[in-house]
Amino acid sequence: MKAHKKEGCNKMRIRAFPMNMDESYVESTWELLRGAIQKIQIQNNSVLSFEELYRNAYTLVLHKHGDKLYNGLREVITEHLQKKIRMDVLKAMKNSNFLEVLNDAWNEHTTSMIMIRDILMYMDRVYVSQHSVDPVYDLGLILFRDEVIRYDGIRDNLSNTLLNMIMAERHGEAIHMLSVKNACLMLMALGIHARTVYEEDFENPFLQQSAEFFREEGLRYLSENNASAYIQKVQQRINEESIRARHYLDAMTEVKIIKVLEEELISKNLRIIVDMENSGVVHMLTQDRYEDLNAMYLLLKRVPNGLTVMSSAMSNYLRQQGTALVHELTNGISTSPVQFIENLLSLKSRFDQFLSQAFENDSLFRRVISSDFEHFFNLNPSSPEYLSLFIDDKLKKGSKAMSESDLENVMDRAMILFRHLQEKDVFERYYKQHLAKRLLHTRSLADDAEKSVIAKLRMECGCHFTSKIEGMFKDMQLSATINENIRNMRDAHPEFALPIDFSASVLTTGFWPTHGSAIRCILPSAANEAFEKFKHFYLNSHSGRILNLQPQLGTADLHAEFYPHSSSSSSNPKQKKHKHILCVSTYQMCILMLFNKSNQYTYKEIVEQTAIPEKDLKRALLSLIFGKSTQQVLCRESKGAATTGDRLPVLHEEDVFRVNEEFSSRLFRVKIQTLLAKGETVPEQRETRGKIEEERKLEVEAAIVRIMKSRQRLGHTVLLNEIVNQLKHRFMPSPIMIKKRIEGLIERDYLSRDPSDYNMYTYVAYVCVLSLLADYNEQILYDDLLRGYNILERPVSNCSKPLVVLLELVLFQIVDVTWYDYNLKWNPEEYGGISDVRFPAGKIWKPDVLLYNNVDPNFDPYYPSNLVVYSDGKINWIPPAIVRSSCKMDVTWFPFDDQTCCLKFGSWTYNDRKLVLEQGGNGWDMSEYIENGEWLLVGEVRIVCCLFVFLFAVSQFTTADYPVRRTVKLYECCPDEPYSDVKYCLHIRRRTLYYGFNLIIPSLLISLMTLLGFILPVESGEKLTLEITILLSVCVFLTMVSQMTPSTSEAVSLIGVFFSSHMIVVSASVVFNVIVLNLHYRTQDTHRMGVWTRKVLLDWFPRLLLMRRPLKSNSNIHNDIRNDLEPLLNRKETPIQRTNDICHLLEQLIADVRYIREFVKNEEEEQEARNDWKFAAMVVDRICLIAFSFVILVSTIGIFSSSPHITV
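Each residue of the sequence shown is one higher than the one before, counting from 0 in numbering that gives the first Met the number 0.
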């Protein structure tokens, strides 16, 4: 359309388009559009009418000339790009402002294309979509790409310019980053929703050039810097490249350039960085350079396998350190087991610090450190003993003083090493030995510390591991009680006095590291007499027990007197004697007590008179003869030399021992320590290892039996894995040991091999146990009954007859199933009078009786108990079972409801022709029933209900009240096979006491408080607040009821109706209180009371409700004034008018009085109207009070009187 505007006229004339456009009109229209497009391209568009241009383009497209318009547009844009923009860009290539010119040209082109697109919008919507050609704006971008960017020379120059500028910035030069950013944005836009142009013209060359640059830079960094400096420079380069990419490159380019950088600077130089001499990982670990390690960790974390290589280098260093500690001990450089463990703990603490500060608690490094410690800690076969010695050293009295927190910390660190220990059973043996000495010699630091260690061991290995250790503590407590009883008896009965002060510890054989039999040792007479009296007392109190003396664990205090030779010539030698109390072991006591009889003994004589084992005797004697001359209790004369060291010296039979009279000590109480090696000797280690191996054999066999008993049949490989998984918390059994134990069990008929598969084992231990436990007659009976017995065969003599199964139930206790098996009959007289035997489930035929309506996740809830078989073939199966069934609930009378639940039992596969299921006994057995607090079993219950009084009758039920029905049903799956089932039904009733006292009565009282809102005066301002508060309270109760009520939509519960009615009543009270408030605050100005309203609310209802209006006030003085002035004011002629003596002032006074009268009259009318509305509000309040009281009372009685029963 074209509008022509005349001068001085606002009217517009519109020329219609011709219906059939001729070619001349099309050409003229196009030429008009062409000229406009060219002006837009040269930024001369201020004189153009875009509305007119849009109409022209619209006309061409509408009359099917869109191809001419589209092709013409292509030619105009191409011509402009070739003659103008391309030439400008080519000229700029010779100058330094190439990017600025190109960006300006791009901005002008995109601006013009936006304007052209707006003009040709209709062509974009219609022609472009119909002919599947490029939109106008995209066409402009494509032509700019093809005619300018990818023109010969421009493309390469653009790429090289961008690359050179970025390279210059990398070398520290300043560039115009905005130009680079605009160029990259231009390339991204030319891809038209893709990155192809950007990738081909810039990104790919940029990444290739960057890779070469980073490669050269990495080699230069490695040659000029150590590992720490290299890491810093690489991290700096990563930050620079990341910032550069974020500033003027595409976001995806940042990811790619960082990946190229990581590949060239990190991945390809990974080994060189880690293993760099004097600066790599080993150097950093040696020098404790946490910051450098953390920087390397963060850098290598960026590349695949980076942390693996770094952790491998750390692992090698850690294993070297740990192995060196082990070799120091084995080579004799370090001889202290305690120091060895402390060194390991220090090493562990050091690497834990590396883990937290340098490696950020990385799981890979944690696993590597744990694996390495486990490796070299278990290299030393004595590690279990040394760890136990370390704990023993910390828990003994007299050790280096530590606070409770420090001791707890040390024990926690020791448990870390214990966790890495593979032979935990060896540790247990040594720990029990050391604990026994601490407890028996009263060297334990504190019971709390000991129990804390036991708790840690229990947490690591379970209760079974610490059960014997805990038993040792119990024995000590019982022994203290026994000794106290003996002392009390000795005080009460002097005849039982002991020759010495004697106390004994009674040790359980399985708990303590003692010998199973008594160790031969000849005690001194006094000690032996005391032991015999204690033994007599103990065995009288504990019959059936055996006491074996274990002298190697005992201690004694000896009162000794020494007479120095220098005082022998004194007149009174006793004044010079030395008295001491010697704290010795039992063996040392036996040796020293000999010297009361003689002054000297040979070694051979001591052996004969004490009968102490030679190894223990040597240690006891060496403890008495070692030390300085004044510190030796005994003196030895020998031709052989006594060696000192870890190994015990050789003592000769002719060696002579005497009491050292020169013995002296500053202490009165002298403790003689038994000479012990710092670890077990090689023979002792062999002996201990042999005992442990025997115990391990038993543990492996027990594990095999446990696994095979549960699995019955397993392959060799699977069995091996199961055994290792069960025993790895105590020790790692070798495959050879497991294989030997399997062979041993096969020889003893616990297992058998499958004839068809040599690697398959079958558990057969049950037959062996049966033959051991059964007597001769019972064994023969079992053999005869099971000979030829087929568990799959239904036990009937005629396969066409059904088998009768009787089912009895004890409520919530057991299921009793009885049937007859003709295959299992015998004559008791032929089998020694045996009338019944028991078979485990699975050995004989058993009916598949299941609960049809079972909802338990375990479909078969029966415990596999034995089946009792009687001589007449009767089989009684009493499997304890807890069954869960689904019942449909009727919530109509909730919480005064009755429910009926049925348990439907039947065979799953045998139809009624094969198996007949019948009721056994008289139905339910209620003898074991325990009453439920929520439900009541209902027999015959009678309830008498009155208005406010409820009488309750106690339920009396018998088994007849709970019928058992047997039904035969045809199922859709098998219409020709009837299946029988037995249905046990229960009638239960909900107890309502809880709901009444916790929901119904509180809610009823709260609802009655609604009536207070109609009594409360309006002037108090709390009427509406009270009602809303009551409404919220009822909502809370309603929410509780909704949560307690079973979720079903089949019926509305009675208690739901109760609360809903109360909710309606309370809500209505809020509405009526709003109405009362509205009436109370009405005035004559806003409302006029109608005639009928006045009659109803002010006359009829007050009389009916016996209400009286408040009396009117008598203080209206204006009535008197009105009466006095009325005649004067209403007279037409006054004395004042007739006489001219009255002044005009009196006339004015009369006018004022007349005004006052009118004002007072209006006020009185308005006050009377307000009083009428207030009285009407009071009447409505009284009506609501009576009505709501009636509704609450009637609804409550009506609802609860409709309930079928109320049961307490």
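Beta carbons: idealized from backbone N, C-alpha and C, even for Gly. Every value quoted in this text rests on a predicted model; they were computed, and no experiment measured them.
Open item on the list: Whole angstroms are fine: how far does the CA of S335 sit from the CA of D645?
Closed with: Residue 645 sits at position 646 when you count from the first residue of the sequence shown. Residue 335 sits at position 336 when you count from the first residue of the sequence shown. Bear in mind that the predicted position of D645 carries a pLDDT of just 45, short of 50, making it too unreliable to give a figure here.
Task: Coarse secondary structure for I545, derived from DSSP in three states - done: The count along the sequence shown starts at 1 and reaches residue 545 at position 546. Looking at I545 - three-state DSSP - the assignment turns out to be coil, as it is neither helix nor strand.
TODO: Ignore the nearest five residues each way along the sequence and tell me which others in D847's own chain have a CB closer than 8 Å to its CB.
DONE: Working through the sequence shown from its first residue, we reach residue 847 at position 848. Correct list, in chain order: S906, W907, T908 and Y909.
Open item on the list: Suppose you measure from the CA of E253 to the CA of V196; what does that come to, to the nearest Å?
Closed with: To locate residue 253, count along the sequence shown from 1; it is residue 254. To locate residue 196, count along the sequence shown from 1; it is residue 197. Answer to the nearest angstrom: the Cα atoms are 17 Å apart.
Open item on the list: My output table needs one value for I987: the three-state DSSP class, helix, strand or coil.
Closed with: Residue numbering aside, residue 987 sits at position 988 when the sequence shown is read from its first letter. Note: I987 maps to strand in three-state DSSP.
Open item on the list: Can you give me the C-alpha to C-alpha distance between D155 and M176, rounded to a whole angstrom?
Closed with: Working through the sequence shown from its first residue, we reach residue 155 at position 156. Working through the sequence shown from its first residue, we reach residue 176 at position 177. So the alpha carbons of these two residues sit roughly 20 Å apart.
Open item on the list: Which residue marks the beginning of the alpha helix (DSSP H) containing G1020, and which one marks its end?
Closed with: By one-based count along the sequence shown, residue 1020 stands at place 1021. No alpha helix (DSSP H) contains G1020, which DSSP labels as neither H nor E.
- [ ] Please state if the CB of F662 and the CB of R635 are separated by a distance shorter than 8 Å.
- [x] Looking up residue 635 in the sequence shown gives position 636. Looking up residue 662 in the sequence shown gives position 663. Cβ atoms of R635 and F662: not closer than 8 Å.
Open item on the list: Whether or not the segment 458-476 and the segment 725-735 are in contact is what I'm after, with contact meaning three or more pairs of Cβ atoms, one per stretch, closer than 8 Å; do they touch?
Closed with: Yes, they touch.
Task: Three-state secondary structure (DSSP) of S884 - done: Working through the sequence shown from its first residue, we reach residue 884 at position 885. Here DSSP, grouped into helix, strand and coil, assigns S884 to strand.
TODO: Give the single residue among T609, F533, E604 and P1001 whose Cα lies nearest to the Cα of P523.
DONE: Position 524 of the sequence shown, counting from 1, holds the residue named residue 523. Closest by C-alpha distance to P523, out of T609, F533, E604 and P1001, is T609.
Open item on the list: Can you tell me whether T441 is buried or exposed? The criterion is at least 16 other CB atoms within 10 Å of its CB, across all chains shown.
Closed with: Taking the first residue of the sequence shown as position 1, residue 441 is located at position 442. That one is exposed.
- [ ] Verify whether the separation of the beta carbon atoms of N55 and L72 is less than 8 Å.
- [x] In the sequence shown, counting from the first residue as 1, residue 55 sits at position 56. In the sequence shown, counting from the first residue as 1, residue 72 sits at position 73. Not in contact: N55 and L72 (Cβ atoms no closer than 8 Å).
Open item on the list: So, for V1065: in the same chain, excluding its five sequence neighbours on each side, which residues have a beta-carbon less than 8 Å away from its beta-carbon?
Closed with: In the sequence shown, counting from the first residue as 1, residue 1065 sits at position 1066. Around V1065: S1006, T1009, E1026, I1029, L1030 and V1033.
Open item on the list: Closest to S1041 by C-alpha separation, out of L1023, Y994, E78 and L1144, would be which residue?
Closed with: Stepping through the sequence shown from its first residue, residue 1041 is reached at position 1042. Minimum Cα distance to S1041 is reached at Y994.
- [ ] Return the bridge partner residues of D897 from the DSSP annotation.
- [x] Position 898 of the sequence shown, counting from 1, holds the residue named residue 897. Partner(s): R988.
Open item on the list: So, with DSSP's three-state summary, where would you put M92?
Closed with: Translated into the one-based positions of the sequence shown, residue 92 becomes position 93. In the three-state DSSP reduction, M92 falls in the coil class, being neither helix nor strand.
Task: According to DSSP, residues forming a beta bridge with S751 - done: Indexing the sequence shown from 1 puts residue 751 at position 752. Answer is T761, bridged to S751.
Task: Own chain, CB closer than 6 Å to Y316, minus 5 neighbours either side, in chain order - done: Within the sequence shown, residue 316 is the residue found at index 317, counting from 1. Contacts found: V281 and L284.
Open item on the list: Are the CB atoms of L581 and L557 within a distance shorter than 8 Å?
Closed with: Residue numbering aside, residue 557 sits at position 558 when the sequence shown is read from its first letter. Residue numbering aside, residue 581 sits at position 582 when the sequence shown is read from its first letter. Yes, the pair counts as a contact, with Cβ atoms nearer than the cut-off.
Open item on the list: Rounding to the nearest angstrom, what Cα-Cα distance links L1096 and A1175 in this structure?
Closed with: Start at 1 with the first residue of the sequence shown, and residue 1096 comes out as number 1097. Start at 1 with the first residue of the sequence shown, and residue 1175 comes out as number 1176. Roughly 5 Å between the two C-alpha positions.
Task: Alpha-carbon spacing of L552 relative to W511, whole angstroms - done: For the purposes of this step, residue 552 is identified with residue 553 of the sequence shown, where counting begins at 1. For the purposes of this step, residue 511 is identified with residue 512 of the sequence shown, where counting begins at 1. It is roughly 10 Å from the alpha-carbon of L552 to the alpha-carbon of W511.
Open item on the list: For a test of the three-state rule: what should DSSP assign to F838, helix, strand or coil?
Closed with: Start at 1 with the first residue of the sequence shown, and residue 838 comes out as number 839. Looking at F838 - three-state DSSP - the assignment turns out to be strand.
TODO: Per DSSP, which residues does L935 bridge with? Please list them.
DONE: On the sequence shown, residue 935 is found 936 positions in, with the first residue counted as 1. Among the bridge pairs identified by DSSP, L935 is matched with R988.
Open item on the list: Restricting to runs no shorter than 4 residues, where is the alpha helix (DSSP H) found entirely within the segment 192-268?
Closed with: Within the segment 192-268, complete alpha helix (DSSP H) segments of at least 4 residues are found at 203-223, 226-247 and 250-264, given in chain order.
- [ ] To the nearest angstrom, report how far apart L1103 and M1088 are at their CA atoms.
- [x] Working through the sequence shown from its first residue, we reach residue 1103 at position 1104. Working through the sequence shown from its first residue, we reach residue 1088 at position 1089. Each residue's alpha carbon lies about 20 Å from the other.
TODO: Throw me the rounded Cβ distance for the K845 and K903 pair, which I believe falls under 8 Å.
DONE: Sequence index remark: in the sequence shown, residue 845 carries index 846 (1-based). Sequence index remark: in the sequence shown, residue 903 carries index 904 (1-based). That belief does not hold up - the Cβ atoms of K845 and K903 are roughly 20 Å apart, past 8 Å.
Task: Where the alpha helix (DSSP H) containing G743 begins and where it ends - done: The sequence position of residue 743 within the sequence shown is 744, counting from 1. From DSSP, the alpha helix (DSSP H) with G743 extends over P734 to E746.
Open item on the list: Our contact map puts I691 next to D424 with C-beta atoms below 8 Å; I'd like the distance itself, whole angstroms only.
Closed with: Here residue 691 corresponds to residue number 692 of the sequence shown, with the count starting at 1. Here residue 424 corresponds to residue number 425 of the sequence shown, with the count starting at 1. Cβ-Cβ separation between I691 and D424: approximately 6 Å, consistent with a contact (criterion under 8 Å).
Task: Continuous alpha helix (DSSP H) stretch holding I867: start and end - done: On the sequence shown, residue 867 is found 868 positions in, with the first residue counted as 1. Looking at the sequence itself, residue 867 is Val, so the reference to Ile does not match. V867 -> not in any alpha helix (DSSP H); beta strand (DSSP E) instead, spanning L866 to Y869.
Open item on the list: So for T891, helix, strand or coil by DSSP?
Closed with: Residue mapping note: residue 891 aligns to position 892 of the sequence shown, counting from 1. It is coil, neither helix nor strand.
Task: Alpha-carbon to alpha-carbon, A294 and K395 - done: Within the sequence shown, numbered from 1, the residue matching residue 395 stands at position 396. Within the sequence shown, numbered from 1, the residue matching residue 294 stands at position 295. The alpha-carbon atoms of K395 and A294 are separated by roughly 45 Å.
- [ ] Starting from the N-terminal side, write out each stretch of the beta strand (DSSP E) that is 3 residues or longer and does not extend beyond the segment 438-481.
- [x] Taken in chain order, the segment 438-481 contains no complete beta strand (DSSP E) segment of 3 residues or longer.
Task: Best match in L162, L184, N224 and R665 for proximity to Q207 [C-alpha to C-alpha] - done: On the sequence shown, residue 207 is found 208 positions in, with the first residue counted as 1. Checking every option, the nearest Cα to that of Q207 belongs to L162.
Task: A526 classed as buried or exposed, judged by whether at least 16 other C-beta atoms fall within 10 angstroms - done: For this step, residue 526 is matched to residue 527 along the sequence shown. A526 comes out buried.
Task: Counterpart residues of R668 in DSSP-defined beta bridges - done: Looking up residue 668 in the sequence shown gives position 669. Bridge partners of R668 according to DSSP: I580.
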